[in-house]
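Chains A and B, in that order, give the protein sequences.
So for the first sequence, the numbering used here puts the first residue at 55; every next one is plus one.
So for the second sequence, the numbering used here puts the first residue at 3; every next one is plus one.
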Amino acid sequence: MHIVCCVKQVPDTTQVKIDPETNTLIRAGVESICNPYDLVAVEAAVQLVERYTGRVTVISMGPPQAESALRECLSIGANEAILLSDRAFAGADTLATSYTLSQAITKINAAEPVDLIICGKQAIDGDTAQTGPGIATWMGYTQLTYVSEIIGIENGNITVRREIEGGCEVIQGRLPAMLTAELELASIRYATLPELIRALRYEVKVWGAKDINAAPEKLGLKGSPTSVREIFAPPVRGGGISFDAKEKKEQAVEDFLGALFTKEKTLMEEILIKASYAQE
Amino acid sequence: MPKNSKGREVAEVVPGKCIGCQLCIGECPTNVITMEDGVAVIEAEGCIGCGKCVDVCPVEGAILFEKQRKKKAPKAAVACPIEEYKGVAVFIEVQNGRGAEVSWELMGKARELAQKLDTRVFGFLPGYNIKSVAKEAIAYGCDIVYTLDDPLLETYLSKVYGKALAHLCQQVKPDILLLGATPLGRDVSSVVATQLGTGLTADCTGLDIDPECRLLMMTRPTFGGSIMATILCRNHRPQMSTVRPRVMKLPEKDMQRRGEIKKLGFEAARDSLPQVLEFIPRTAEAGEVDITRAPVLVVVGKGACDSKSLPMLEELAHLLGGTIACSRAVIEAGLLPYPRQVGQTGKTVAPKIYIGVGVSGAVQHLVGIQGSDKIIAINTDSQAPLMQIADYAIVGDYQQVVPRLIEGIKVRTEKEASKG
Ligand SMILES: Cc1cc2nc3c(=O)[nH]c(=O)nc-3n(C[C@H](O)[C@H](O)[C@H](O)COP(=O)(O)OP(=O)(O)OC[C@H]3O[C@@H](n4cnc5c(N)ncnc54)[C@H](O)[C@@H]3O)c2cc1C
Ligand code: SF4
Ligand code: SF4
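Pasting the structure below:
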């Protein structure tokens, strides 16, 4: 079985902050990591290969530095890694990104047929689960999103558990298929020293627009229907009343309740009445 | 206007505005732009002042360059005759035979947008036995409901629903299409956008119409919620956007409202489709309550992440007829399960009262609680961001504050009860 995983390098978003004084971005020393959901996808693929034999190829679209995300994937067991890097790819939104990735998968597929694509369900830097379904649509593969368990593969069918509104479903579809991974799908192993060394020595292949036979007008900024018009700091609510329960302790909490039940009289009455019904 | 030592006018990046997309790097003919700490930096000595970086930069004002040049109009990849597209459409999701609340919330927003554009609101309703849902759609503000009624549409399959919605878009040609950011809505929106080759902006927190160009302004958090971006879809239709439940207000239902229901035909390939073998509903007994529906939320943060305190916090929630939720730090600590998480990677909530106990109020948390009526925060640190925005901030150790709160509320509950 041949599995392709699409991974993305993302900034470690915990570190991106807004300076409240000047309303500007502070991004000093922002590190880049492999999107955690994508690592789960790779781990799940490696586990499938351990179960059924096969190979895992990871691909990523990004600047040359994104190579390090691919090495992270190699260190947990991916067999091959390809970086899609070209100036023409820059500025891609989800449509252009899923097009670029599916062009690359088409090329990989021609050399060695692809049975399964696994993507992370979302990227932590703000992307929301749109790339995987986009790839499935371009490729015409069976689409199974929010997968929390791969139950089995048999006779060209894959059976998985999907997390959906109000519960989960067990669903079976034809291969080739595209899955997106929930965090529960697999727990990422620790890389062993030999694997780490292999990952570091591995020569990542780099493909550009020409290598994947891409139509220039569908790539990067040109191929992206959406564009950013402006960015700004998130709106903040104005502050309210503060009660110092450190010094005056008891009294402060009483003061607070007094204020709450006076200022929000109707709201609090309604809440207490509803609560008393709920308790009966 | 900055000049370099050769007296040439050069471009300069404004670090606070640059979003680090790296587009300018590819454009610069002299390769003098590099990334430093996540933002572009132009080496002034090597810059020839051609202005190419300014043309390509997606953020207005991120690169200062005053030399007057004509800005090239962005080329549309595939020109699509935009004038043909009219009306604001809402995808109506069916959950357990009823319209999903988020679809009605969007219907309210769609009315507002349609008013600004002086156009009509459409409902796109694929499903099976959905007459009553179509009627409800009209009551919530829909002018014309287009239904596709077919047994094949009873259970959701990406391929079938994707085709159904793409088909509706091709027939009706709406200018805008809004979908709820539920698991189903996210899944199908991307299929439809890819099939139609149009733009999709996910998880928007604000939607408005630009009064000049009459485009949909889609605002959403980006970079993990640390900043907001307003996104446009200039040359492709429909302009597609998903919005999470509870972000928009539920409009009033008016059963007297009039509208039209139009049934359209639908042909779908029925072979080699995935098959749903089993559906396992999540039940309340399994400890899963829907935190988006509770009127009061007591939100546990890292500062109160202690299994011994949990009963006390639950009691507080219970007294007010609410339930327990938490920050991501508490999920990571394993104290509460993921469906209880509030915030960007958890749920968006809009309770009447939000009580944060030991929650610092990281941006990713705050984006999920913007719609709360009243925010109460309990924290030892008066400078914590949540304390700054709270309507009521109580500075102190929750171990001491919460028991007193419980006592005080009990006294008031009894008073309320004795009143009758
Ligand atoms: C991409 C991304 C997505 C994220 N998504 C989410 C999300 O959806 N939801 C979310 O919540 N977080 C999210 N986070 C994490 C977020 O950045 C914060 O790390 C998290 O919200 C912090 O949780 P906290 O406020 O409980 O903990 P902390 O930030 O550690 O705050 C603990 C607070 O408790 C106070 N405290 C300590 N002791 C006491 C005491 N005895 N009494 C009273 N107060 C006390 C402290 O003063 C402090 O303010 C995300 C992060 C990233 C990078
Ligand atoms: S103005 Fe031209 S030379 Fe100067 S940084 Fe921009 S693209 Fe490069
Ligand atoms: S194009 Fe603009 S936003 Fe993008 S990196 Fe360059 S300066 Fe920053």
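Where is the CB? At the ideal position from N, CA and C, for every residue including glycine.
It should be emphasised that the depicted structure is a prediction, and the values quoted were computed from it without experimental measurement.
Neighbours of B:PHE281 in chain A, taken as residues whose beta carbon is under 7 Å from its own, are GLY221 and GLU223 in chain order.
Contact note: A:TYR106 does not reach chain B at a C-beta cutoff of 8 Å; the least C-beta distance is about 20 Å. Chain-order list of chain A residues neighbouring B:GLU418: GLU323, LEU326, ILE327 and SER330, by C-beta distance under 8 Å. In the DSSP assignment, A:ARG252 forms no beta bridge with any residue.
With a cutoff of 6 Å, B:ALA42 counts as near ligand 3, since its C-beta is closer than that to a heavy atom of the ligand. Within the region 158 to 183 of chain B, the residues whose Cβ lies closer than 9 Å to any Cβ of chain A are, in chain order, TYR158, LEU159, SER160, LYS161, GLY164 and ALA183. Measuring C-alpha to C-alpha distances from A:LEU275 to each of A:ALA299, A:SER114, A:GLY174 and A:GLY145 identifies A:GLY145 as the nearest.
Taking a Cβ-Cβ threshold of 8 Å, the residues of chain A close to B:THR196 are LEU149, SER152, PRO187, GLY188, THR191 and TRP192, in chain order. Distance from the CA of B:LEU159 to the CA of A:CYS60, rounded to the nearest whole angstrom, comes to 23 Å. Listed along chain B, the residues sitting closer than 7 Å to A:ARG141 by beta-carbon distance are GLY28. With contacts defined as CB atoms closer than 7 Å, B:VAL135 and B:ALA112 fail to qualify as a contacting pair.
In terms of Cβ geometry, B:ALA327 and B:VAL301 form a close pair [threshold 7 Å].
Here the C-alpha atom of B:LYS137 lies approximately 8 Å from the C-alpha atom of B:ILE263. If you check the C-beta of B:ASP383 against ligand 1, you find a heavy atom less than 6 Å away. At a cut-off of 7 Å between C-beta atoms, B:VAL245 does not count as an interface residue with respect to chain A. Contact residues of the region 297 to 310 of chain A toward chain B are PHE297, ASP298, ALA299, LYS300, LYS303, GLU304, ALA306, VAL307, GLU308 and PHE310 (C-beta to C-beta distance below 8 Å). Taking non-hydrogen atoms of ligand 3 into account, the C-beta of B:LEU217 is found less than 6 Å away from none of them.
Look at B:GLU103 here: in three-state DSSP terms it is helix. A straight-line Cα-Cα distance of about 36 Å links B:VAL104 and B:LEU25. For B:HIS367, no CB of chain A lies under 7 Å from its own CB, so it is not counted at the interface with that chain.
Not flagged as an interface residue toward chain A: B:TYR356, since no C-beta distance is shorter than 7 Å. Closest in C-alpha terms to B:VAL359, from the list B:GLY305, B:GLU317, B:SER192 and B:LEU167, comes B:GLY305.
The Cβ neighbour count for B:VAL361, taken over all protein chains shown within 10 Å, is at least 16; the residue is labelled buried. With a threshold of 6 Å, the Cβ atom of B:THR350 does not count as near ligand 2, since no heavy atom of the ligand is closer than that. Of all C-beta pairs linking the region 182 to 198 of chain B to the region 239 to 252 of chain B, three or more are shorter than 8 Å, placing the two stretches in contact. DSSP, reduced to helix, strand and coil, places A:ASP140 outside both helices and strands of the structure shown, so it counts as coil. Measuring C-alpha to C-alpha distances from A:ASN133 to each of A:VAL168, A:LYS303, A:VAL110 and A:LEU229 identifies A:VAL110 as the nearest. Between B:THR350 and B:GLY370, the C-beta gap is smaller than 7 Å, which places the two residues in contact. Not one beta carbon of chain A lies nearer than 7 Å to the beta carbon of B:TYR87. Where A:ILE207 is concerned, the enclosing beta strand (DSSP E) starts and stops at 196 to 208. Each residue's CA atom was taken as its position, placing B:SER7 and B:VAL61 some 28 Å apart. Going by C-alpha positions, B:GLU14 is about 39 Å away from A:PRO187.
In the DSSP assignment, B:THR382 is bridged to no other residue. For the pair A:THR185 and A:SER152, the CB atoms are nearer than the 7 Å cut-off. Rounded to whole angstroms, B:ARG330 and B:PHE268 show a C-alpha spacing of 44 Å. For B:GLN385, the nearest beta carbon of chain A is not closer than 7 Å to its own beta carbon.
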